[in-house]
Amino acid sequence: MLIKNRRPITLANCLYKIQSKVINNRLQTILPDIINPNQKGFTGGRKITDNTMTVNEIIKYCIKNKLPGIITFYDFEKAFDSISHDAIYRTLLHIQVPTKLTNLIMQLLTNSFAKIEINGKNTDKFIIGRGVKQGDPLSPTLYVMVIEALARSILEDKSIIGLPLDNTNRRIKFQGFADDSSSMVHNNDQLNLVLQHFNQFCTATSSKLNIDKSVSITINNPDTTNSVIPISNKPERYLGYYFTGTGIHRKLPEILNSIRSSLSLWKTTSNSIKTKVNILKSFALSRITYYSYIEEFNDDEIKEINKIADWFLSAPNNKSPNGFKVFKLMSSKRANYPMDQGGWNLWNIKNRQKAQRLWMINQIINKIETNKIESEYQHSWKHQISTKTITSDYLFKNYNDWIQIKVKKGLLDGLKSIKNKDGKPLSLAEWYSEINNLNSFTPKTEFQQCLQLTGYSYINLFNNILNIKDPKSRNTLFKFQARCLPINFIHNKPCRLCNENLNNDPYGHLFFKCKKTLKFINFNKLKSFIFITSGRGLNWSLDITRSRRNISIKNITYKIPEGRKSDGEINMDYNNTRFHKSHFQWNYKAIDFDLTRCFAYRNAIALITRNAWMAQ
Numbered sequence: 001m002l003i004k005n006r007r008p009i010t011l012a013n014c015l016y017k018i019q020s021k022v023i024n025n026r027l028q029t030i031l032p033d034i035i036n037p038n039q040k041g042f043t044g045g046r047k048i049t050d051n052t053m054t055v056n057e058i059i060k061y062c063i064k065n066k067l068p069g070i071i072t073f074y075d076f077e078k079a080f081d082s083i084s085h086d087a088i089y090r091t092l093l094h095i096q097v098p099t100k101l102t103n104l105i106m107q108l109l110t111n112s113f114a115k116i117e118i119n120g121k122n123t124d125k126f127i128i129g130r131g132v133k134q135g136d137p138l139s140p141t142l143y144v145m146v147i148e149a150l151a152r153s154i155l156e157d158k159s160i161i162g163l164p165l166d167n168t169n170r171r172i173k174f175q176g177f178a179d180d181s182s183s184m185v186h187n188n189d190q191l192n193l194v195l196q197h198f199n200q201f202c203t204a205t206s207s208k209l210n211i212d213k214s215v216s217i218t219i220n221n222p223d224t225t226n227s228v229i230p231i232s233n234k235p236e237r238y239l240g241y242y243f244t245g246t247g248i249h250r251k252l253p254e255i256l257n258s259i260r261s262s263l264s265l266w267k268t269t270s271n272s273i274k275t276k277v278n279i280l281k282s283f284a285l286s287r288i289t290y291y292s293y294i295e296e297f298n299d300d301e302i303k304e305i306n307k308i309a310d311w312f313l314s315a316p317n318n319k320s321p322n323g324f325k326v327f328k329l330m331s332s333k334r335a336n337y338p339m340d341q342g343g344w345n346l347w348n349i350k351n352r353q354k355a356q357r358l359w360m361i362n363q364i365i366n367k368i369e370t371n372k373i374e375s376e377y378q379h380s381w382k383h384q385i386s387t388k389t390i391t392s393d394y395l396f397k398n399y400n401d402w403i404q405i406k407v408k409k410g411l412l413d414g415l416k417s418i419k420n421k422d423g424k425p426l427s428l429a430e431w432y433s434e435i436n437n438l439n440s441f442t443p444k445t446e447f448q449q450c451l452q453l454t455g456y457s458y459i460n461l462f463n464n465i466l467n468i469k470d471p472k473s474r475n476t477l478f479k480f481q482a483r484c485l486p487i488n489f490i491h492n493k494p495c496r497l498c499n500e501n502l503n504n505d506p507y508g509h510l511f512f513k514c515k516k517t518l519k520f521i522n523f524n525k526l527k528s529f530i531f532i533t534s535g536r537g538l539n540w541s542l543d544i545t546r547s548r549r550n551i552s553i554k555n556i557t558y559k560i561p562e563g564r565k566s567d568g569e570i571n572m573d574y575n576n577t578r579f580h581k582s583h584f585q586w587n588y589k590a591i592d593f594d595l596t597r598c599f600a601y602r603n604a605i606a607l608i609t610r611n612a613w614m615a616q
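First residue of the sequence shown? That's 1 in UniProt numbering, and the numbers climb one at a time after it.
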């Protein structure tokens, strides 16, 4: 990496950060009034996706109507580090920040010294003569205030026309997210006018435009003769998305390859299902969340995402994500439900993407309703909705989906946002829950119904399981009741215990019908088994590798203590927590007993929930 592209982070002391944060909080209250709506960076209530959506909408409209255009993405060389202190001072005076507050801000910036740590050693201290500190809470706010002068000069220049979003006279010239700026013009002459404003701004603030890293993409072959900014024919990155002259370039395949590599490292360690789900959502699926607001995933891509999730959650640790057939421990549909309902709380990617888009539409409808529209594309969508001439493909599809949800909820109140009980527009989480509830889960077999304990709902049941302190016992009991032990793939095959056919419901057979299971279970052995494997004795966890070994089954025998106790006495001992594992001796070698103990775990849950349902 070149030295000029390095951006050191400032490690300021706590007192400095507290003072800086207090000042920043006060300045934030006036930013929405002094910063133009096209600047989305570090201003409350504005979203980074507004700018990416605007760029995409412009490209799509120009292509539809065969209009030429140039969209340029600008890069400032060390933007935060190069802005002059004089420019900051002039800006604070111009917007009439109180003198005492202005002086306090300048004291934080001027006469400030720093050291750089290189290979564990500090350099001599040196004075910071310009720039704002990266890592200082106040820095982004000050930079946005200074660069506002550039945005205003371009937006107020009537000789710069800009590009259209729809068939009205509304056009977009310039927008920014802090220093990540972009301009939209018809031809190279217009682009040169924009560059004149950049040159004036750089002269006034000691900033410098990095021409080598700035780039333009073209729409419908405009005139780019003698262009100062390089013209690109490949996808160019802007605020996380990649754009070409035809719109957003899909990056999901590359992202999925990166996700596989990351999860392969996590796969080398043993974790419970709950931990795996948290890893999957935090380090993998979160990477696609930002893209799914605008970039629509097709069915094949969603299947690939689900395949990666199934591999991470269900496959043995030594199996790679490529070319390995995964026997899923739980159906994808059920896995999307919360843990207190027997699912894994895994994201339903298709529903989540739909929720993100409907949330965006609902937010815009609420802004139309309250007359608080800021973004240019939102003004365009308001016009399209009110005139019933929708030209945006994105708006057409998602607005119709929003209307359908509103009709299903029986809300016939016109163009008003869908709100929750508190009278606020539905949050993203509420939208996701709303869409999931349209396809609620119901058990498929009669034996699934039998697994529910009398007097207990699934929510009570799984809450009790999730409260078990021992992680291995908690994980295995959860697997049992959620029907995600590694036996779900054995359909229409002989039972390895009694040789009868499992048909299409291996759980129903192994829990209720298997002769070997029923013959094996007796009350005292079951008591000891439940005690030892529910966290008060020997701990173990069930995994798919151990459950597949072909070893003959041996009975479990227990060591009878002196003076054999009656069932009632054993019950009393168990309830008084005096039931000790030393009373029993384990002699079984068969890992196929992992299948047999399914029945025992059905009864273990009865003890956890303090229910009297036991096998005699």
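Where a beta carbon is used, it is the ideal one built from N, C-alpha and C, also for glycine.
query, result
"Residues bridged to residue 185 by DSSP?", "70"
"Whole angstroms are fine: how far does the CA of residue 394 sit from the CA of residue 170?", "19 Å"
"Give the C-beta separation of residue 417 and residue 425 to the nearest angstrom, bearing in mind that I take them to be a contact with Cβ-Cβ under 8 Å.", "5 Å"
"Could you have a look at residue 575 and say whether DSSP puts it in helix, strand or coil?", "Its pLDDT being 44, under 50, residue 575 is placed unreliably by the model, and nothing is read from it."
"What residues match up with residue 238 in a beta bridge as DSSP calls it?", "241"
"Just the Cα atoms here: how many angstroms apart are residue 401 and residue 328?", "32 Å"
"Output the boundary residues of the beta strand (DSSP E) element that contains residue 341.", "First-last for residue 341: undefined, no H or E at that position."
"Please look up how many angstroms separate the CB atoms of residue 166 and residue 380, rounded, as I've assumed it's under 8 Å.", "5 Å"
"For a test of the three-state rule: what should DSSP assign to residue 257, helix, strand or coil?", "helix"
"Locate the beta strand (DSSP E) running through residue 216, then write down its first and last residues.", "215-219"
"Rounded to whole angstroms, what's the CA-CA distance from residue 207 to residue 87? Just pull it up for me.", "10 Å"
"Which residue marks the beginning of the alpha helix (DSSP H) containing residue 87, and which one marks its end?", "85-94"
"Report yes or no: do three or more beta-carbon pairs, one from the segment 84-99 and one from the segment 403-413, lie closer than 8 Å?", "no"
"Just reading off the beta strand (DSSP E) that residue 174 is part of, what are its end residues?", "174-177"
"According to DSSP, is residue 8 helix, strand or coil?", "coil"
"Put residue 249 into one of helix, strand or coil per three-state DSSP.", "strand"
"From the DSSP output, in three-state form, read off residue 570 for me.", "Residue placement at residue 570 is flagged as unreliable, the pLDDT there being 45, under the threshold of 50; a coordinate-derived value is accordingly withheld."
"Decide if the segment 171-186 is in contact with the segment 69-80; the criterion is three or more beta carbon pairs, one per stretch, under 8 Å apart.", "yes"
"Residue 279 to residue 302, Cα distance in whole Å?", "19 Å"
"By the three-class DSSP mapping on this structure, what secondary structure does residue 154 have?", "helix"
"Taking the alpha-carbon positions, what's the residue 241 to residue 42 distance?", "19 Å"
"Using the rule of at least 16 other Cβ atoms within 10 Å of the residue's Cβ for burial, across every protein chain shown, is residue 253 buried or exposed?", "exposed"
"Under the rule that 16 or more other beta-carbon atoms within 10 Å means buried, what is residue 176, buried or exposed?", "buried"
"Count the C-beta pairs between the segment 344-362 and the segment 292-306 that are closer than 8 Å, then say yes if the count reaches three, no if not.", "yes"
"Just reading off the beta strand (DSSP E) that residue 127 is part of, what are its end residues?", "126-128"
"Our contact map puts residue 306 next to residue 332 with C-beta atoms below 8 Å; I'd like the distance itself, whole angstroms only.", "6 Å"
"In whole angstroms, what separates the C-alpha of residue 255 from that of residue 285?", "10 Å"
"Which of helix, strand or coil does DSSP assign to residue 334?", "helix"
"Which ranges does the alpha helix (DSSP H) cover as unbroken runs of at least 4 residues, wholly within the segment 372-428, from first to last along the chain?", "376-387, 393-408"
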